[in-house]
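Asker: Just dropping this structure here.
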Amino acid sequence: MSKAERTKQFIIEQTAPIFNMKGYSGTSMSDITEITGLTKGSIYGNFENKDEVAIAAFKFNVKKLQDAFSKEIDKQTTFKGKLLVYPQLYSEYTNMKVTKGGCPILNTATESDDTHPVLRKYAERTLIYWKEKIMHFIDQGIAAGEFKAKSINTERTALTIIALIEGGVMISKLTGNPGDLSNIMQSVRNVIEELE
């Protein structure tokens with residue numbers, strides 16, 4: 148990695164938690180220079196504008212989240228087991244400390260839906276990728292005989308799982324009660340159990 152690449156990566160790693168906690172609008176250039184210890188000129192020497200930093204920070208946060216889940220999913224030998232990783236890890240989400248400030252998909256989607264079309268598009272693509280991954284596990288589970296094929300609407304089930312997870316994260320963050328998230332993750336487990 149060149150010095151310029153290392154500097155760019157440093158800026159991304161340092162600003163990712165700030166963007167996830169404060170959002171795009173709430174994160175100022177002063178926040179960015181303060182957290183990195185770099186001048187505004189150094190930031191703009193590596194990124195064209197604040198948008199580029201925010202997009203890179205979002206991608207970084209999402210990758211950290213996806214890597215944490217993939218590591219556990221890869222250990223599972225059944226498709227049901229792969230699906231159950233989601234409620235298992237999200238039940239412990241506040242202790243995981245993968246991304247400061249909560250779920251980057253939820254945070255970015257909530258803030259950017261009416262204010263930042265580019266970030267909104269990145270959040271949307273990430274959500275669609277997640278939905279397709281869950282649908283793939285369900286379809287593969289059906290093909291392997293783990294799940295009953297006749298009564299499963301794969302897309303609806305995937306969307307229900309995601310909605311419960313993201314709703315649980317939002318409720319838990321709003322109330323400050325991790326128990327709320329654990330309770331909602333039990334509902335996700337129930338949806339997965341009902342696939343059999």
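Just so you know, we're using my numbering here: the sequence shown kicks off at 148 and counts up by one. Backbone N, C-alpha and C fix where the C-beta goes; we use that ideal spot for every residue, glycine too. Only a predicted model underlies this, so the values are computations on that prediction, with no experimental measurement involved.
Got a sec? Which residues, its chain only, sit under 7 Å from D198 by beta carbon, not counting five neighbours each side?
Answerer: Position 51 of the sequence shown, counted from the first residue, corresponds to residue 198. Result list for D198: V265, in chain order.
Asker: Going by CA-CA distance only, name the one from G170, F226, M148, M282 that's closest to E258.
Answerer: For the purposes of this step, residue 258 is taken as residue 111 along the sequence shown, with counting starting at 1. When only C-alpha atoms are compared, the closest one is G170.
Asker: Per DSSP, what kind of secondary structure is I308 in: helix, strand or coil?
Answerer: One-based indexing of the sequence shown puts residue 308 at position 161. Judged by DSSP in its simplified three-state form, I308 adopts helix.
Asker: Contact defined as beta carbons within less than 8 Å: I believe Y269 pairs with F205. What is the distance between those atoms, to the nearest angstrom?
Answerer: Position 122 of the sequence shown holds residue 269. Position 58 of the sequence shown holds residue 205. About 6 Å; that satisfies the 8 Å criterion.
Asker: If distances are taken between C-alpha atoms only, which option among C250, A256, G292 comes closest to L328?
Answerer: Position 181 of the sequence shown, counted from the first residue, corresponds to residue 328. Checked all of C250, A256, G292; the closest Cα to L328 is C250.
Asker: Round the Cβ separation of G315 and M332 to the nearest angstrom and send it over; I've been treating them as touching at under 8 Å.
Answerer: One-based indexing of the sequence shown puts residue 315 at position 168. One-based indexing of the sequence shown puts residue 332 at position 185. Right, their Cβ atoms sit about 6 Å apart.
Asker: Kindly indicate which residue of A163, I158, N337 has the alpha-carbon position closest to the one of K210.
Answerer: On the sequence shown, residue 210 is found 63 positions in, with the first residue counted as 1. When only C-alpha atoms are compared, the closest one is A163.
Asker: Leaving out five residues before and five after S319 in sequence, what residues of the same chain have Cβ atoms less than 7 Å from its Cβ?
Answerer: Within the sequence shown, residue 319 is the residue found at index 172, counting from 1. Take S319, set aside five residues on each side of it, and the residues of its chain with a beta-carbon closer than 7 Å to its own are P325, D327, L328, in chain order.
Asker: I believe L212 touches T246 by the beta-carbon criterion, under 8 Å. Please report the beta-carbon distance rounded to the nearest angstrom.
Answerer: The residue you call residue 212 lines up with position 65 of the sequence shown. The residue you call residue 246 lines up with position 99 of the sequence shown. Rounded, the Cβ-Cβ distance is 6 Å, consistent with contact.
Asker: Would you give the residue range spanned by the alpha helix (DSSP H) that F157 belongs to?
Answerer: Here residue 157 corresponds to residue number 10 of the sequence shown, with the count starting at 1. Element bounds for F157: 150-173.
Asker: Suppose contacts are defined by Cβ-Cβ distances below 8 Å. Is I158 in contact with N193 by that definition?
Answerer: Counted from its first residue, the sequence shown places residue 158 at position 11. Counted from its first residue, the sequence shown places residue 193 at position 46. It is a contact, given that the beta carbons lie within the stated cut-off.
Asker: Should G173 go down as buried or exposed, given a rule of 16 or more other Cβ atoms within 10 Å for buried?
Answerer: Here residue 173 refers to the residue found at position 26 when the sequence shown is read from its first residue. Exposed: under 16 other Cβ atoms inside 10 Å.
Asker: For D178, which residues from the same chain have a beta carbon less than 6 Å from its beta carbon, with the 5 sequence-adjacent residues on both sides left out?
Answerer: Locating residue 178 in the sequence shown gives position 31, counting from the first residue. Excluding residues within five positions, the ones whose Cβ falls inside 6 Å are I165.
Asker: Distance check for F216 and I281, CA to CA, integer angstroms please.
Answerer: Within the sequence shown, numbered from 1, the residue matching residue 281 stands at position 134. Within the sequence shown, numbered from 1, the residue matching residue 216 stands at position 69. Whole-angstrom Cα-Cα distance: 12 Å.
Asker: Under 8 Å between the Cβ atoms of F294 and E343?
Answerer: Along the sequence shown, one-based indexing puts residue 294 at 147. Along the sequence shown, one-based indexing puts residue 343 at 196. Against a cut-off of 8 Å, the Cβ pair of E343 and F294 comes out as a contact.
Asker: If you draw a straight line from the alpha carbon of T279 to that of I308, how long is it in whole angstroms?
Answerer: The residue you call residue 279 lines up with position 132 of the sequence shown. The residue you call residue 308 lines up with position 161 of the sequence shown. Sequence check: residue 279 is Glu here, not Thr. Their Cα atoms are separated by approximately 12 Å.
Asker: Could you spell out the range, first to last residue, of the alpha helix (DSSP H) harbouring A201?
Answerer: Taking the first residue of the sequence shown as position 1, residue 201 is located at position 54. A201 -> alpha helix (DSSP H) spans 197-220.
Asker: Taking a contact to mean a Cβ-Cβ separation below 8 Å, would you say I355 touches L231 in this structure?
Answerer: Because the chain in this structure spans residues 148 to 343, residue 355 falls outside the shown range and cannot be described.
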